[in-house]
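One structure below.
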Amino acid sequence: SHDYHFGLEDHEGISELFDCD
Amino acid sequence: PPQTPIRAAMTSIQMLRGDLTSTGDQPSTTLATYFKQCTVDPTQDVRKRLEAHGQAFSQRFGQAVGPHCVVYGRERFSLGVRKYYQVMEAMLKSEEKRLSVQNFSKLLNDSTFHTSLLACALEVVMAAYGVSSFKNGGYNPGGGEAADRDVCFPWILDVFDLAAFDFYKVIESFIKADPTLSKNIIKHLETCENLIMERIAWRTGSPLFELLKQEHEGGAAEQVETPAS
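First to last, the protein sequences are chains R and B. Per the working numbering: the first sequence = residues -12 to 8. Per the working numbering: the second sequence = residues 610 to 838.
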């Protein structure tokens, strides 16, 4: 419904971006 | 009736308020459970951080817009807190499904994560109120009269002393976690994202330089570049 480009892969999320496993 | 900036702002605010009527200004039972499941319970830190940020936000809003507008600053902050809790819960549910874990102690005790998430929630609220234009003068962390006159992005980064690079990290996950965001709000967040990537993240003092240096050193030692790098 919008043209935002999602760059994160399915196996990536907010935890990885803040260095948490 | 013809669409006007005022009408568009009113529709946008109504949508935001409608979306947040069922969300309280306290963590929901589900979110409170996530907090309790942490090795270190972040509940008190979350509460104290919100108090401090609430005071800073209202004060700076009053300085930027006018002393008589502090009350409107508080109102926007209150909506931002509701959005912050709502999106945090959605993010954690998604992470639980993806990682099959329920203990998010490290993430939920990371002050930068909370501040970035709150800043993004507030930027959504500000955008809903029609603050969709950007300052011509660019990012001015030192403040000064010209920078304090309005509350457009990247004003929020200065209020919370938040690095643009850290704010950037939450944007995509925020959009994914909040299906209620309108096309205009998503466009606004995308514009923030582009502004950070093209300009703000490259200014003196940005943590990006140190991270790139570390990445370069690590990569050279291992002689292997992983896709994640």
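Even glycine gets a Cβ: it sits at the ideal position worked out from N, Cα and C. Just so it is clear, the structure is predicted and the values come from calculations on it, not from any experiment.
Could you tell me how far apart the beta carbons of residue i and residue j are, in whole angstroms, since I believe they sit closer than 8 Å?
i, j, result
"F776 (chain B)", "V696 (chain B)", "Contact doesn't hold; Cβ gap of about 14 Å is too wide."
"L726 (chain B)", "V779 (chain B)", "5 Å"
"S2 (chain R)", "L708 (chain B)", "7 Å"
"E799 (chain B)", "Y(-9) (chain R)", "6 Å"
Identify whether residue i lies in helix, strand or coil by the three-state DSSP scheme.
i, result
"E(-4) (chain R)", "coil"
"Y(-9) (chain R)", "coil"
"A772 (chain B)", "coil"
"C801 (chain B)", "helix"
"G682 (chain B)", "helix"
"V710 (chain B)", "coil"
"S791 (chain B)", "coil"
"G739 (chain B)", "coil"
"V696 (chain B)", "helix"
"S5 (chain R)", "The question names Ser, yet the displayed sequence has Phe at residue 5 (chain R). If DSSP states are grouped into helix, strand and coil, F5 (chain R) belongs with coil."
"V649 (chain B)", "coil"
"F762 (chain B)", "coil"
"Q635 (chain B)", "coil"
"S667 (chain B)", "helix"
"Q612 (chain B)", "coil"
"T721 (chain B)", "helix"
"S815 (chain B)", "coil"
"T630 (chain B)", "coil"
"R808 (chain B)", "coil"
"G827 (chain B)", "helix"
"G675 (chain B)", "coil"
Return the chain-ordered list of same chain residues with a C-beta closer than 7 Å to the C-beta of residue i, the five sequence neighbours on each side being excluded.
i, result
"G663 (chain B)", "F686"
"H723 (chain B)", "V655 and R658"
"I622 (chain B)", "A737 and Y738"
"V734 (chain B)", "L625, R685, L688, G689 and K692"
"V760 (chain B)", "F670, A673, V674, M735 and V740"
"F(-7) (chain R)", "none"
Could you tell me which chain R residues have their CB closer than 8 Å to the CB of residue i, listed as they occur along the chain?
i, result
"I805 (chain B)", "The contacting residues do not exist; I805 (chain B) stays about 14 Å from chain R at best."
"V779 (chain B)", "I1 and L4"
"L716 (chain B)", "I1, S2, F5 and C7"
"S782 (chain B)", "L(-5), G0, I1 and L4"
"F722 (chain B)", "I1 and F5"
What does residue i touch in chain R if you count any residue whose Cβ is under 7 Å from its own?
i, result
"R707 (chain B)", "G0"
"I809 (chain B)", "Neighbours of I809 (chain B) on chain R: none; closest Cβ ~18 Å, over 7 Å."
"L766 (chain B)", "Residues of chain R passing the Cβ test: none, with the nearest at roughly 17 Å."
"M700 (chain B)", "I1"
"E826 (chain B)", "Residues of chain R passing the Cβ test: none, with the nearest at roughly 17 Å."
Spatial neighbours of residue i within its chain, please: C-beta separation below 8 Å, excluding the five flanking residues on both sides.
i, result
"L629 (chain B)", "L688, R691, K692 and Q695"
"V679 (chain B)", "S667, Q668, F670 and G671"
"Y681 (chain B)", "F670 and V674"
"S637 (chain B)", "Y694 and E698"
"P614 (chain B)", "G739"
"T632 (chain B)", "R691, K692, Y694 and Q695"
"A786 (chain B)", "V696, A699, M700 and S703"
"I795 (chain B)", "I784"
"A589 (chain B)", "The structure shown does not extend to residue 589 (chain B), since chain B is modelled only from 610 to 838, so the question has no answer here."
"E(-4) (chain R)", "none"
Tell me which same chain residues have a C-beta within less than 6 Å of the C-beta of residue i, skipping the five on either side of it?
i, result
"L717 (chain B)", "C647 and P651"
"I805 (chain B)", "A773 and Y777"
"A728 (chain B)", "I765, F769, L771 and F776"
So residue i contacts chain R; which residues on that side make the cut at Cβ distance below 9 Å?
i, result
"S574 (chain B)", "Because residue 574 (chain B) is not part of the residues shown, which for chain B are 610 to 838, the question remains open."
Confirm the yes/no value for this check: CB of residue i, any heavy atom of the ligand SAH, distance under 8 Å.
i, result
"A737 (chain B)", "This structure lacks the ligand SAH; in fact it carries no ligand of any kind."
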